[in-house]
Amino acid sequence: MASHRPSSARPSVPAAGRRRAVLFRSAGVRFALVYAAVFGISAFVLAVALWYSTLGLLQHQVQNAINNDSQTLLEHQELGGLPSLEAAIHDRLSNESDPDGIYLLVDATGQILAGNLDRWPSGLTQDNIWYELPVTRQGVASVALLKVAPVPGGMKLLVGRDVRARLELRNVLRAGLIWAVSLMIALGVLGALLIRSLFRRTIRDISATTSAIARGDISRRVPVSGVGDEFDELAININEMLDRIARLMDGVRQVSNAIAHDLRTPVTRARSRLEDAALHASTKEEMQAAIDRATQDLDGIVSVFEALLRISEIEAGSRRAAFAVIDLAPVLEDMDELYRAVAEEKQIVLHTDIAKPLPVWADRNLIQQAVVNLLDNALKFSESLTVINFSARVADGVVQIVVADRGPGIAEQDRARATERFYRAEAARNTEGSGLGLALVMAVAQLHNGTLHLHDNHPGLRAVISIPAHKN
Amino acid sequence: MRILVVEDDKDVAGFVLKGLREAGHTVEHADNGRDGLFLAASENFDAIILDRMLPGGIDGLRLLETLRGQDNATPVLFLSALGQVDDRVKGLKAGGDDYLTKPFAFAELLARVEALTRRGKSDGPATRLQVGDLEMDLLSRSVRRGAQKIDLQPREFRLLEYLMRHAGQVVTRTMLLEGVWDYHFDPQTNVIDVHISRLRQKIDKPFGTSLLHTVRNAGYMLRAEDA
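Right under this line is the structure:
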């Protein structure tokens with residue numbers, strides 16, 4: 000019950016909504032919208048700031064001028080009384096120092112004493128408050144910013160400025176800003192569309208490539224524009240990944256071919272032995288012998304399989320669970336003891352020199368197997384009365400394990416390939432073996448962050464496993 | 000010995016059952032995990048041969064864990080196509096006593112099963128081992144045959160000890176590699192044969208009668224002539 004998902008709780012999406020949802024699920028559209036929104040908002044903020052700072056400044060300047068003017072006129076009145084005030088007003092009007100200046104002086108009854116307004120503007124009732132009202136100046140209608148100052152004796156002085164020009168400026172500015180904002184919105188949308196198409200094109204290249212590969216065309220690569228931007232970086236990374244996958248697949252294909260070939264041979268042998276026995280064996284002993292040999296062949300095939308699985312298991316790197324800090328010296332001494340008897344049996348001198356201690360971070364079992372493979376090889380290819388050198392030491396923080404024989408060795412041109420699975424040098428064609436031994440040694444060395452190097456021992460083969468020594 | 004085989008593959012099961020019966024054992028068979036668990040829990044066996052992957056909802060690991068959970072200590076040998084080291088470790092951790100990967104040689108299976116049952120019996124820490132006139136003192140680490148003292152290298156001593164502990168049983172080369180050298184893989188060289196032959200030089204050759212015998216297609220066996 001707990002796993003029951005309440006699907007009915009999710010409201011069904013109507014068709015139009017679903018289409019919208021699909022549209023918004025497109026990353027290109029999303030990026031484009033975000034871009035347009037950011038662009039639009041910044042344009043709007045810029046316009047608003049411009050608007051208020053320009054108009055506010057103008058308004059402020061006009062208000063200052065009116066205040067100063069009003070102040071000066073009142074000082075005239077204080078010093079020279081009404082005549083002085085009237086004279087000052089007339090002086091200003093005739094002087095035309097400020098063509099936008101508006102003045103009106105009325106007495107307590109509302110009679111106009113001086114000024115350039117035809118009558119007291121309607122709606123102007125309170126003193127010392129800013130008004131913006133329509134006025135008529137010498138028969139011409141206009142708009143003015145006005146302020147009334149009371150004059151002793153019940154008179155009122157109206158000082159103002161014609162602001163029609165400023166209103167026009169405001170209109171021009173508004174129109175300009177509206178245009179600018181519209182243009183910016185258009186540009187924003189255009190930019191968004193551009194981003195979307197750019198995004199889509201890049202993504203489409205990658206997506207086309209990957210889906211082609213998913214369909215099986217591993218040779219496809221993401222086109223690189225050459226600009227060196229992030230998308231190029233992504234494309235290059237994807238291409239490198241694809242190259243590596245292709246190389247691995249080649250490797251797998253080679254191995255499969257090799258398996259097919261190398262296993263077909265013993266299977267064929269076993270099969271023909273059994274068939275031959277079934278057809279021609281005349282005695283129970285002959286039959287028995289054929290069955291025994293076929294069983295041996297099958298065991299050989301199984302051991303090849305096991306070696307292959309082991310190598311891929313090691314190469315997959317999944318075997319680090321058994322890693323521990325160990326001293327290799329006793330491990331290698333055990334091996335020396337195990338193989339010394341075999342060497343003596345074959346009249347081969349095993350010359351061993353193992354330094355102590357040899358601390359490493361390693362899987363004991365795997366190291367054993369790798370070294371055993373080298374010793375097996377050395378013994379297999381050595382003639383009697385020759386020497387095999389088996390040594391180990393620490394040098395420059397690296398533990399080196401060396402197995403050197405005086406056998407036929409591996410020709411220089413074959414050495415690089417000797418660690419490939421199923422590779423067998425000419426000299427080794429006629430000896431027993433699966434061609435997997437060195438591949439396993441290589442895999443083990445690499446799992447331990449180390450290397451396997453094959454050198455000429457003049458004559459013979461000198462195999463060196465190097466793995467990092469463990470530092471305390 | 001009474002042995003339970005839990006294996007779903009008819010051919011493999013038939014082959015194993017036949018072989019075990021020929022070797023003189025009493026054998027029961029279950030072809031799925033459920034029946035296998037029922038048999039293993041309700042009857043007494045000397046050993047169980049258990050496949051890892053079984054039909055019937057209970058696989059080999061579950062079966063063994065259930066069994067061990069009931070304090071049933073019957074020795075169990077896993078027989079499995081899962082041959083990776085991790086699989087092996089899992090099997091042994093679950094309480095398995097030995098692990099054999101398919102395909103296998105019957106001789107190997109038989110030797111290992113018989114070794115398991117022997118291990119179960121001699122739990123007490125023996126201080127002396129004896130096979131015929133061959134005696135081993137585990138405390139003084141000395142070996143003598145009859146009145147003759149035999150000098151052995153440490154490894155030869157351990158090899159002989161292993162053989163004496165499994166006296167009368169077939170011991171395979173793989174068992175020796177695992178038990179004496181702790182190597183869990185097969186070298187290509189016949190290292191074990193060489194060491195056995197050296198041991199023979201010391202314990203058999205000077206005395207006329209052989210105790211250490213080669214069993215064809217299987218391995219070695221240490222037993223007194225008259226046994």
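Chains as they are written, first to last, in numbering that gives the first Met the number 0: chain A, 0 to 471; chain B, 0 to 226.
Using N, Cα and C, we set each Cβ at its ideal position, and we do this for glycine too.
Coarse secondary structure for residue i, derived from DSSP in three states
i, result
"A:Ile409", "coil"
"A:Ala361", "strand"
"B:Ile57", "coil"
"B:Ala46", "strand"
"B:Gln147", "strand"
"A:Glu332", "helix"
"A:Ile290", "helix"
"B:Gly119", "For B:Gly119, the pLDDT reaches just 47, beneath the cut-off of 50, and the residue's location in the model is therefore unreliable, although a value from the coordinates is still provided. The answer is helix: DSSP assigns B:Gly119 an H, G or I state."
"B:Glu27", "strand"
"A:Gly434", "coil"
"A:Met154", "strand"
"A:Ala48", "helix"
"A:Val440", "helix"
"A:Ala394", "strand"
"A:Arg29", "helix"
"A:Arg252", "helix"
"B:Val142", "strand"
"A:Gln70", "helix"
"A:Val58", "Contrary to the premise, residue 58 of chain A reads as Gln rather than Val in this sequence. Helix at A:Gln58."
"A:His279", "helix"
"B:Glu6", "coil"
"B:Arg51", "coil"
Environment of residue i [buried if 16+ CB atoms lie within 10 Å]
i, result
"A:Asn67", "exposed"
"A:His59", "exposed"
"A:Asn256", "exposed"
"B:Glu155", "buried"
"B:Met163", "buried"
"B:Asp97", "buried"
"A:Pro458", "exposed"
"A:Phe230", "buried"
"B:Phe37", "exposed"
"A:Leu250", "Contrary to the premise, residue 250 of chain A reads as Gly rather than Leu in this sequence. Exposed, by the Cβ-count rule."
"B:Arg51", "buried"
"A:Leu144", "buried"
"A:Leu56", "exposed"
"A:Ala296", "Note that residue 296 of chain A is Asp in the sequence shown here, rather than Ala. Per the 10 Å Cβ criterion, buried."
"A:Thr208", "buried"
"A:Val150", "buried"
"A:Ile466", "buried"
"B:Asp45", "buried"
For residue i: DSSP bridge partner residues
i, result
"A:Leu374", "A:Leu374 pairs with nothing; no bridge assigned."
"A:Ile464", "A:Ile400, A:Leu451"
"B:His194", "In the DSSP output, where bridge partners are listed per residue, B:His194 has none listed."
"B:Gln129", "B:Glu134"
"A:His469", "Paired residues: none, contrary to the question."
"A:Asp161", "A:Ala143"
"A:Ala323", "A:Ala361"
"B:Val214", "B:Gly218"
"A:Val348", "A:Val386"
"B:Leu99", "B:Leu78"
"B:Arg1", "B:Thr25"
"A:Ile353", "A:Ala391"
Distance cut-off 7 Å: residue i Cβ against heavy atoms of the ligand NAD
i, result
"A:Leu374", "This structure lacks the ligand NAD, and indeed carries no ligand of any kind."
CB contact check: residue i to chain C, cutoff 8 Å
i, result
"A:Glu305", "Structure shown: chain C not included; protein chains present are A and B."
- Let me know the alpha helix (DSSP H) ranges lying completely inside the segment 164-224 of chain A, each 4 residues or longer, listed in chain order. Whole alpha helix (DSSP H) segments, 4+ residues: zero.
- Item | Inside the segment 153-186 of chain B only - alpha helix (DSSP H) runs reaching at least 4 residues | Taking only runs of at least 4 residues, the alpha helix (DSSP H) segments lying wholly in the segment 153-186 of chain B are 153-164, 172-175.
- Message: Runs of 3 residues minimum, wholly inside the segment 90-149 of chain A: which ones carry the beta strand (DSSP E) assignment?
- Response: Listed in chain order, the beta strand (DSSP E) elements of length 3 or more contained wholly in the segment 90-149 of chain A are 100-105, 111-114, 130-136.
- Query: Quick one, which residues of the segment 312-343 of chain A are near chain B if we go by CB-CB under 8 Å, in chain order?
  - Reply: Listed by position along the chain: Glu312, Ser317, Arg318, Ala320, Ala321, Asp333, Glu336, Leu337, Tyr338, Ala340, Val341.
- According to a CB-to-CB cut-off of less than 8 Å, which residues of the segment 175-188 of chain B neighbour chain A? Against chain A - using a Cβ distance shorter than 8 Å - the residues of the segment 175-188 of chain B are Trp180, Tyr182, His183, Phe184, Asp185, Pro186, Gln187, Thr188.
- Message: What are the residues in the segment 74-93 of chain B lying within 9 Å of chain A by C-beta distance?
- Response: Per Cβ criterion, the list reads Gly82, Gln83, Val84, Asp85, Val88.
- Query: What residues from the segment 367-378 of chain A come within 9 Å of chain B, judged by C-beta to C-beta, listed N to C?
  - Reply: Flagged, chain order: Gln367, Gln368, Val371, Asn372, Leu374, Asp375, Asn376, Leu378.
- Message: Please list, in chain order, the residues of the segment 388-400 of chain A that have any C-beta partner in chain B closer than 9 Å.
- Response: Correct list: empty, as no residue qualifies.
- Where the segment 29-58 of chain B meets chain A: residues whose CB sits under 9 Å from a CB there: Taking 9 Å as the upper bound on Cβ-Cβ separation, chain A lies near no residue of the segment 29-58 of chain B.
- Query: Quick one, which residues of the segment 216-238 of chain A are near chain B if we go by CB-CB under 9 Å, in chain order?
  - Reply: Within the segment 216-238 of chain A, no residue qualifies.
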